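Notes for the one structure printed next.
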Amino acid sequence: MAEESLRNLRLVVAYDGTDFHGFATADGVPTVMGTLSREVERIVRRPVELVGAGRTDAGVHAWGQVVSGQIPADTDLGRLAHSLNRLCQPSISVRSAEWADADFSARFSATARTYRYAVWNDPAPNPLVTRFSWHVTAPLDVEAMNAGAAALVGDHDFSSFCRRPKVGDDRPEPSMVRRLMSARWRPATTDQMLEFEIAASAFCHQMVRSIVGTLVDIGLGRREPKSIAAMLAARDRQAAGQVAPPTGLVLWHVEYKGTRWDA
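In the numbering used here, the protein residues as written are 976 to 1238.
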């Protein structure tokens, strides 16, 4: 029997991460990738190994997550996307499905990632945005938060803003150096809804949420914008502020143009 011909698939996926235990496949609990992989295999009737651009934590959402993997070359991608949306709704949506170059990897071909974080800044909660924002009741100084954010832009060791990965005794710790391209707060749909957008070459674990929590501390007057430099220099997680909850975080866009910064 002739070997089945395969082609490289590229999906752009959106999801509400509230009810998932993160993006990556895990035994015994519902995850985004676990659900997506199961349904792709059900449609193409063969085992499939998929990879995502980012491993979002439990409760984190996505609008522009990218997934790639090899599937049968005769697959009708329009029908695949339609079937996946029918099977995975309402929490997961395939926004697009297309063929990619053979060497394309959703994870390793990425040159930058953009996240957005939403804060509902009002004394009263808003039940219409609870699943997708952090409710901060006290007024925030957006100008001070942007001054702090500006100090983070550039090439830095972000150890103070990352959860260090566990490594074996015989393995060196991975670098926490990243290139932060932009970071800015702005009003969103209403004056009470603030949106933080941040783009970088890559992010380490909990980096965005740690940055958001620290900048909110600045906005509340608990820290000064100029303290960011000392936090970066400390390379110690205890030097930075709180970790923002996952509810407000969205993986917004993954870029594949240009050359990887760490290539």
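Heads up, the beta-carbon is just placed ideally off N, CA and C, and yes, glycines get one too. What you are looking at is a predicted structure, and each value in this text was computed from that prediction instead of being measured.
Checklist entry - Going along the chain, which residues of its own chain have a beta-carbon closer than 8 Å to the beta-carbon of Arg1146, five neighbours each way excluded? => result none
Next on the checklist: Using the Cβ count rule (16 or more neighbours within 10 Å means buried), how would you classify Val1094?
Outcome noted: buried
Item to check | Other residues of its chain near Gly1039: CB distance less than 7 Å, five sequence neighbours each side excluded | outcome: Val987, Leu1226, Trp1227, His1228, Val1229
Checklist entry - How about Leu1155 and Leu1195: are their beta carbons less than 7 Å apart? => result no
Next on the checklist: Considering Cα atoms alone, identify which of Leu1055, Phe1133, Trp1160, Thr1105 is closest to Tyr1090.
Outcome noted: Trp1160
Next on the checklist: Could you compute how far the alpha carbon of Asp1211 sits from the alpha carbon of Pro1221?
Outcome noted: 22 Å
Checklist entry - When the Cα atoms are used, what is the spatial distance from Tyr1231 to Thr993? => result 27 Å
Next on the checklist: As a quick exercise: from Gly1216, Tyr990, Thr1050, Asp1002, pick the residue whose alpha carbon is nearest that of Phe1136.
Outcome noted: Gly1216
Item to check | Continuous beta strand (DSSP E) stretch holding Asn1101: start and end | outcome: Where Asn1101 is concerned, there is no enclosing beta strand (DSSP E), given that its DSSP letter is neither H nor E.
Checklist entry - Taking DSSP as the reference, what is the three-state secondary structure of Gly1029? => result coil
Checklist entry - Quick one: is Gly997 near chain D, going by C-beta distance under 7 Å? => result Included in the structure is just one protein chain, with no chain D present.
Next on the checklist: For Ser1043, list the residues DSSP reports as bridge partners.
Outcome noted: Arg985, Val1026
Next on the checklist: Runs of 3 residues minimum, wholly inside the segment 1176–1236: which ones carry the beta strand (DSSP E) assignment?
Outcome noted: 1224–1230
Next on the checklist: What does the alpha-carbon distance come out to for the pair Met976 and Leu1052?
Outcome noted: Interpretation of Met976 is limited by its pLDDT of 40, a score under 50 that renders its predicted location unreliable; the figure taken from the coordinates is listed afterwards. Taking the straight line from one Cα to the other gives about 25 Å.
Checklist entry - What residue does the alpha helix (DSSP H) around Ala1056 start on, and which one ends it? => result 1052–1063
Checklist entry - Counting along the chain, where does the beta strand (DSSP E) carrying Arg1146 start and finish? => result Careful: Arg1146 lies outside any beta strand (DSSP E) and carries neither H nor E.
Item to check | N-terminal and C-terminal residue of the alpha helix (DSSP H) that Arg1153 is part of | outcome: Counting along the chain, Arg1153 falls outside any alpha helix (DSSP H), though it belongs to the beta strand (DSSP E) covering 1152–1162.
Checklist entry - Quick one: is Arg985 buried, meaning 16 or more other Cβ sit within 10 Å of its Cβ, or exposed? => result buried
Checklist entry - Cβ of Arg1235 within 7 Å of Cβ of Thr1086? => result yes
Checklist entry - What separation, rounded to the nearest whole angstrom, lies between the Cα atoms of Glu1118 and Arg1054? => result 48 Å
Checklist entry - Could you give the uninterrupted runs of the alpha helix (DSSP H) lying entirely in the segment 1112–1136, keeping only those of 4 residues or more? => result 1117–1125
Checklist entry - Count the other CB atoms within 10 Å of the CB of Gly1188; is the residue buried (16 or more) or exposed (fewer)? => result buried
Next on the checklist: What does the Cβ neighbour count give for Cys1063, buried or exposed, with the cut at 16 atoms within 10 Å?
Outcome noted: buried
Checklist entry - Helix or strand or just coil, what does DSSP make of Thr1089? => result strand
Checklist entry - Is it the case that the Cβ atoms of Val1082 and Val1026 are separated by a distance below 7 Å? => result In the sequence as presented, Val is not what sits at residue 1082; that position holds Arg. The answer is yes: Cβ separation under 7 Å.
Item to check | Cβ-based neighbour list, Glu1024, same chain, cut-off 6 Å, excluding 5 preceding and 5 following | outcome: Gly1044
Next on the checklist: Once DSSP output is grouped into helix, strand and coil, what is the label at Val1015?
Outcome noted: helix
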